[in-house]
Amino acid sequence: MTIGTSRRPALPFAITAERRLETPRLLPLTTTLGAVGVALVISGFLILLIGGDPIASFGHIIVSAFGSVGVLSDTLVKATPLIFTGLACALAFRMRLWNIGAEGQFYLGAWGASLIVLAPVVPPGTPGIVTIPLMVLAGLVAGAVWGFIAGWLRARFNVNEIITTLMLNYIAILWVRFWVFGPWSEGGFQLSRQFPKEAWLPRLTDLSSVLTVFSGLTVHLGLAFGIVAAILVWFVLKRTRKGYEIRLIGDNPQAANYAGVNIRRNIMLVMLASGGLAGLAGMAEVGGVVHRMQDAISPGYGFTGVIIAYLAKFNPLYVVFAAIAFGALILAGREIQPAGIPSMIQGVILFCVIASDVLLRYKIRLVRR
Amino acid sequence: MTETTLAVEMRGIVKRFPGLVANDHVDFDLRQGEVHALLGENGAGKSTLMNILAGLYHADEGEILVDGAPVRFVSPRDAIAAGLGMIHQHFTLVPSLTVTENILLGLDEPRFRLDLARYEDAIRKLAEEVGLRVDPSAKVWQLSVGEQQRVEILKMLYRGARILIMDEPTAVLAPQETEELFRTLRGMTSRGESIVFISHKLDEVLAIADRITVLRRGKVTASGTPAAGKTKPDLARLMVGREVLESIEKVPSVPGAVVLELDGVSAVNDKGLAALRDVALQVRSGEIVGLAGVAGNGQSELAQVVTGLRPCHGRIHVQGRDVANRPAIVAIESGVAHVPEDRNGTGSAPNLSVADNMIMKSYRLPPIANGWFLNVVIARQRAEELKAEYEVAAPTIDTQARLLSGGNLQRLIFAREITSEPKLIVAVQPTRGLDVGAIETVHRLLLAQRAAGTAILLVSEDLDEILALADRVAVIYEGRIAGVVDAEGADVHELGLMMTGTPGHGSAVA
Amino acid sequence: MNPEIILAAGVASGTILLFAAIGEIFSERAGVINLGVEGMMFVGALAGFKVGVDTGNPWLGLVLAMAAGGALALLHAIVSIHFQADQIVSGLSLTFLGTGIALVLGEGLSGAGGGALLPVLTIPLVSSIPFIGKVFFSNQSILVYVGYLLVPAAWFWIHHTRPGLHLRAVGEYPTAADALGINVYRLRYVYVVFGGVLAGLAGAAISMAITPGWFANQETSGQGWIAVGLVIFAQWSPFRALIGAYLIATIRRLTLDLQGPPDFFGIPNPFYVYQPSTFFLDMLPYVLVIVVLVIGSRAALRRRLGAPAALGLPYVRGERGH
């Protein structure tokens with residue numbers, strides 16, 4: 005008599021998963037790229053399902069994003085806010101602080117920068133050399149404060165930051181709506197008046213008198229800020245005491261506590277910094293691209309930042325590359341029908357990347373029985 | 053006499069994990085009505101073997117027979133159905149549920165509606181029959197460790213287990229409770245139960261077992277030999293392959309000034325219940341004070357209040373500086389080093405590198421700190437030096453900490469804590485789960501620190517370890533210091549009585 | 010500004026939050042946090058509306074809405090239970106995925122115009138009870154009544170049945186459950202998918218009953234997130250979830266009503282006079298969720314009650330043991 009029979013059907017092979025002892029150096033890169041590839045295939049399939057043409061869609065994306073210098077410049081412009089939101093999320097996520105509020109912090113940053121011009125905080129006609137740094141500061145501070153609220157609630161009351169940052173997103177959007185529909189409304193429309201030239205971030209095209217090849221290129225100073233920010237964040241994480249604490253908390257908060265790290269203070273600090281970075285994204289968008297304050301100032305840059313951070317495995321330098329890729333997606337996506345496709349592709353990519361992480365932990369093999 | 057069928061027979065069991073062979077062609081058999089001890093040091097493969105028998109793991113090779121018939125267990129359910137019940141070292145009781153709910157967990161009865169009242173009565177009756185006192189309606193987290201163990205046994209008996217496997221059951225018991233457990237076990241065998249008793253404690257094995265099987269590094273070195281007539285050196289040799297029963301040179305100590313002083317310390321545990329009541333204790337430089345006690349009497353909380361990981365009332369002075377109820381950083385800056393109970397969960401960051409783990413205490417100070425910055429080059433250098441000096445076996449200093457074995461992780465932790473040149477070391481269960489080599493290393497390190505003048509508070513559930521290392525032994529019971537005696541010539545029986553709170557024993561002389 | 014009407018609307022709209030919250034309670038009780046609720050509600054809303062309109066059979070739409078939510082939840086289950094990915098990020102990705110897919114598939118779908126797709130009922134006799142009858146039992150969608158039944162049923166299941174016992178064990182201490190032969194993986198799968206099914210139902214409630222139509226981006230306006238926050242406030246209890254859901258929904262309705270009248274008892278209504286200020290009223294529900302979360306977190310700390318102990322942790326059967 006045999007007690008206990010195997011319930012599994014007898015297949016000629018089995019899939020075994022063996023816990024990895026070490027992670028080969030290139031594996032994270034290959035799995036991420038592989039996952040993106042799979043995601044694109046799946047997206048293509050879905051596009052097919054709704055009657056679209058995937059090859060045409062993807063081809064269109066490549067061309068309209070990288071096809072020419074002018075278009076490349078547009079891609080970089082779209083990538084600029086993404087670099088900031090990607091950094092904001094990567095920094096917070098490094099500490100396992102799930103800041104999903106980059107969108108709201110973006111809005112606050114944009115609002116803060118606009119405040120300088122529209123309130124006005126500086127009299128009209130003030131030269132750019134004064135206005136711009138003030139806008140940068142205002143954007144940074146406004147976003148930082150917004151992030152800090154969630155950080156304080158988490159540090160003080162242990163309130164889940166995912167929900168609070170999300171709620172703050174909605175509140176931020178409504179806050180901006182108030183100003184844009186109300187005090188700043190231009191002619192009854194839901195946008196403000198255009199910023200004076202001094203409040204525009206310098207663009208490459210401004211130098212076209214010096215180098216005609218720059219004519220028409222709207223890449224603006226924000227990009228430079230973004231790259232500098234990425235290097236700064238990388239440096240802080242790798243080479244400073246604070247960065248060490250952040251990494252330690254992110255890996256094992258209990259160990260960090262045991263080592264004497266002040267977790268509460270770090271939570272608030274990181275949310276300040278993260279919010280500030282996202283705020284800079286808003287400032288860059290409003291000062292470098294749109295040059296006015298309006299209702300729908302962001303097509304989800306904050307949420308895309310989450311995906312970028314994850315794709316970059318929370319590494320600030322990879323964030324820049326991922327941001328450019330997604331900038332291309334958003335740019336080209338504007339002309340694709342249906343309009344929700346870039347958003348859907350982003351979702352599929354994130355999902356596939358997360359699913360692919362299992363390959364980093366386990367070695368999957370097919371074994372013949 | 054007719055040949056009685058063996059209750060359990062395991063033949064040629066092989067079980068592999070990534071990087072090691074836990075069971076290497078192991079044979080094991082269990083006769084009806086006997087207590088069979090499975091002996092071996094930590095990591096020898098005892099728990100793995102029994103987990104296979106209990107249906108939790110699947111053997112890669114080999115076969116199992118129960119009552120003479122071959123069986124294949126796909127899940128613990130099958131094993132339980134075959135009459136096998138395992139009581140693990142870490143209890144598989146859900147703390148927030150009641151005793152009855154825990155006993156009913158996983159059973160097919162009741163079918164749908166949970167009629168607790170009826171089952172509580174049934175369980176009360178069973179408990180009386182077997183002589184195990186327990187309150188069926190109590191929530192498990194409210195019970196003492198000994199009571200929880202009784203619930204575990206009842207759980208198995210309720211399922212009709214005829215074969216009980218107990219994994220290190222005495223690790224959490226005081227000497228008197230261990231005696232009571234042995235009485236219960238003998239009562240059960242006389243009623244026909246068969247028991248496998250996993251342990252690494254030689255005294256207990258000789259006290260309770262009828263036969264002994266010894267495992268060493270996954271292989272059997274003695275199969276079912278009768279316990280009668282064996283001595284501890286015999287067993288030790290089988291366990292480790294050499295005649296070792298630790299004999300470490302302990303120089304008589306000359307304690308210096310008081311380094312750690314607790315006065316009127318009270319604290320509450322995670323459940324909000326009083327864990328420490330008005331504790332007073334002193335540790336001098338150059339001495340080891342061992343804190344003995346049954347698990348759950350406040351030792352963990354005591355270590356936590358001294359190292360700043362738990363709030364408390366009262367005074368805790370480290371070299372005159374009050375660290376009570378202040379965050380961990382205050383204790384660290386006052387010269388307190390902490391080798392925590394939980395190597396993986398508290399003492400290390402699993403996914404960070406060995407180098408990163410090494411600097412957990414030193415990253416704030418030069419030369420590793422440079423203002424706000426980290427001098428990565430120097431940090432790596434120091435990590436290499438420490439790795440070599442303390443013989444931390446890892447491929448490189450960039451290896452992730454989670455890949456280190458228990459012994460090596462503990463070496464890393466000791467390296468880190470000792471190089472911070474502490475005035476006081478708080479070591480909590482430092483040798484738990486380590487193999488003999490690592491245990492020796494830890495003991496050596498502690499004694500070396502003692503000789504160098506560091507004050508050491510050693511919290512351990514292993515009374516033998518405390519008696520071997522400590523100069524003075526403090527016994528903690530229900531959050532109070534029941535007594536402090538000199539380790540030299542201490543009476544184990546007396547200590548056991550203090551550990552179980554028997555009145556009239558011990559005095560709280562710090 | 011009739012309190013009966015406001016409360017009745019609150020109950021109706023609160024049913025959406027209730028379904029999503031109960032689903033999440035089951036999932037979290039099993040130890041898996043599902044942050045994809047928003048995305049599952051989206052696909053549920055789309056599926057229900059589209060199928061209901063295209064086929065003319067609202068019941069089919071309802072079933073498909075639940076299936077859509079469940080399917081999405083299945084993805085979450087596979088990735089977080091089997092692949093042991095981080096549950097939080099996995100759930101988030103499903104929100105993006107679900108929202109994206111729903112927006113793409115819902116392209117071109119016209120919005121409002123029709124009435125509710127599902128029957129609206131008034132229970133005889135009970136509806137005559139003053140106030141309570143008018144609020145709870147008159148002119149409510151059938152889904153609202155389902156909500157009334159769901160709560161006690163959920164409570165009974167969790168605390169007074171054997172499967173409920175297993176559920177609680179799996180979420181608190183899966184090792185123990187596993188050692189006793191309970192299939193932890195399968196149970197978690199079941200409850201996660203069930204949570205998704207209820208989220209899909211919540212979405213269908215939006216598009217087929219409470220605010221019929223498809224409004225693309227505005228479809229759920231964050232109610233999925235509110236529901237997740239609600240679960241914490243509710244301390245994982247179905248009855249508390251009911252109270253919280255109705256409360257928040259009523260307040261939302263209230264903020265709408267406050268914008269309408271030109272004056273309150275003779276005093277001019279600031280929200281009527283200065284239109285943009287109504288945005289502050291719109292903020293109220295979200296602020297309320299934050300407040301509710303703070304209360305819930307502090308209560309949890311005080312009563313030493315908390316999340317199911319194993320929430321958020323993937324269950325891995327011990328390999329080397331300890």
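Residue numbers (the working numbering), protein chains in the order written: chain E, 5 to 373; chain G, 53 to 562; chain L, 10 to 331.
Every residue gets a Cβ at the ideal spot worked out from N, C-alpha and C, and that includes glycine.
Fair warning: this is a prediction, and the values are worked out from it, not measured in the lab.
Three-state class that DSSP yields for residue i in the structure shown
i       : result
Y262(E) : helix
M62(G)  : strand
N278(L) : coil
K439(G) : helix
N164(E) : coil
V123(G) : strand
H390(G) : strand
M102(G) : helix
I250(G) : strand
A60(E)  : helix
E353(G) : helix
Residues of its chain near residue i, where Cβ-Cβ distance is below 8 Å and the 5 sequence neighbours each way are ignored
i       : result
V375(G) : V358, G360, I368, H369, V382, A383, S386, V388
Under 9 Å between C-beta atoms of residue i and residue j
i       : j       : result
A336(L) : V46(L)  : There is simply no residue 336(L) to check, as chain L begins at 10 and stops at 331 in what is shown.
P128(G) : T152(G) : no
D81(G)  : M102(G) : no
A236(L) : A29(L)  : yes
P294(L) : R249(L) : no
V444(G) : R463(G) : yes
H252(G) : L499(G) : no
L91(E)  : G283(E) : no
I25(L)  : M50(L)  : yes
Buried versus exposed call for residue i [16 or more other C-beta atoms within 10 Å across all chains shown]
i       : result
S72(E)  : exposed
R29(E)  : exposed
V282(L) : exposed
R243(G) : exposed
D63(L)  : exposed
G70(L)  : buried
R395(G) : buried
W424(G) : exposed
I221(G) : A quick correction: the sequence has Pro, not Ile, at residue 221(G). Buried, since its Cβ has 16 or more Cβ neighbours within 10 Å.
R496(G) : exposed
F131(L) : Residue 131(L) is actually Thr in this sequence, not Phe. The residue in question, T131(L), is exposed, as its Cβ has fewer than 16 Cβ neighbours within 10 Å.
Q284(L) : exposed
N11(L)  : exposed
Cβ shell of residue i (< 7 Å), same chain only, five flanking positions each side left out
i       : result
G327(G) : Contrary to the premise, residue 327(G) reads as Ala rather than Gly in this sequence. Counting only Cβ-Cβ distances below 7 Å, and skipping sequence neighbours, we find A319, V320, N321, G350, E353, G531.
Y415(G) : A421, L426
E190(E) : S196, R197
R98(E)  : L241, I250, R251, G254, F318
Beta-carbon separation (whole angstroms), residue i vs residue j, contact threshold 8 Å
i       : j       : result
L227(E) : F218(E) : With a Cβ gap of about 13 Å, L227(E) and F218(E) do not count as contacting.
A347(G) : V224(G) : 4 Å
L297(L) : I241(L) : About 14 Å; that fails the 8 Å criterion.
M384(E) : M139(E) : With chain E represented from 5 up to 373, any question about residue 384(E) goes unanswered, as that position is not in the structure.
Close Cβ partners of residue i (< 6 Å) along its chain, the five nearest in sequence each way excluded
i       : result
Y200(L) : F35, S36, A39
G280(E) : L144, G147, A148
W238(E) : P320, L321
A131(G) : A106, G107, F125
G155(E) : I271, M272, M275
G321(L) : I42, Q96
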